[in-house]
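I have placed the structure first, in the form of structure tokens, so that the comments after it can refer back to it.
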Amino acid sequence: MALGGGTPAYPLRFDAGRVCLDLLATRHPGERLDGVGALCAWITGAGLVPDGTPLGHADVSWPVAFRELRDDVGHLVRALLRGEAAGYGGALARVNGAARAVPPAPVAVPGDDGCLVRELAGPPGCAGLLAVVARDAVELLTDPAARASLRQCAGEDCPLVYLDTSRGRRRRWCSSEVCGNRERVARHRRRTAPARA
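Each residue of the sequence shown is one higher than the last, beginning at 1 in the UniProt record's numbering.
Shown next as structure tokens:
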């Protein structure tokens, strides 16, 4: 997809349980943040801004900045899952630095039907949106209960990480519909293959 492309080649996913983990999911199975349009779709889909928020001021530096934050958060999450606190390196300083920026300020305004709706006080800047994701990563990585719920997908060749909030904490896949379904199909084929031979 071209740098300014509109929609990602792969559908965006928002099922990892945290916005910072949803950002990590934009790399697999292919790059989803390959242009301004794809990033703006992710920003809106992830709930960083209310639906309908104009993002026309976003430029080509935004996807680069989000991919850099994604790399840093991914480095921290993988180091945490491996139990390698010494492996945080410069990624920790960069995530903490991004978290220091001021996130977009929400305001309540009357909607068309008179009910209050959320809008932003002004156009969101890239640094403020990065701060929302970086702060979520800081919260995740410093919360013992959340850290204990981090899981690596058990799907074959799936690098995704998710927050397991399932009953009994027995969730195995990033998505039952994606990796879970692949595993069930593969298991069925293995079971029925000898009968067909």
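Every residue gets a Cβ at the ideal spot worked out from N, C-alpha and C, and that includes glycine.
Can you tell me whether DSSP reads residue 171 as helix, strand or coil? In the three-state reduction of the DSSP assignment, residue 171 falls in the coil class.
Exercise. Along the beta strand (DSSP E) that carries residue 118, what are the first and last residues, could you check?
Key: It spans 116 to 120 - the beta strand (DSSP E) in which residue 118 sits, taken as one unbroken run.
> Are the stretch 132 to 143 and the stretch 113 to 120 touching by the rule of at least three beta carbon pairs closer than 8 Å?
Replying inline: Touching, no, given that fewer than three Cβ pairs across the two stretches are closer than 8 Å.
| query | Nearest to residue 35 by CA position, among 61, 119, 97, is which residue? | reply | It is 61.
Practice prompt. Give the single residue among 65, 66, 41 whose Cα lies nearest to the Cα of residue 55.
Written response: Answer by Cα proximity: 41.
Using the C-alpha atoms, what's the distance from residue 170 back to residue 66? The straight-line gap separating the alpha-carbon atoms of residue 66 and residue 170 is approximately 31 Å.
- Query: Just reading off the alpha helix (DSSP H) that residue 86 is part of, what are its end residues?
  - Reply: Counting along the chain, residue 86 falls outside any alpha helix (DSSP H), and DSSP gives it neither H nor E.
Check: For the beta strand (DSSP E) that residue 110 lies in, which residues bound it at each end?
Finding: That run of the beta strand (DSSP E) goes 106 to 110.
Query raised in the report: Leaving out five residues before and five after residue 14 in sequence, what residues of the same chain have Cβ atoms less than 7 Å from its Cβ?
Result: For residue 14, where only same-chain residues beyond five positions count, the Cβ hits under 7 Å are 22, 45, 46.
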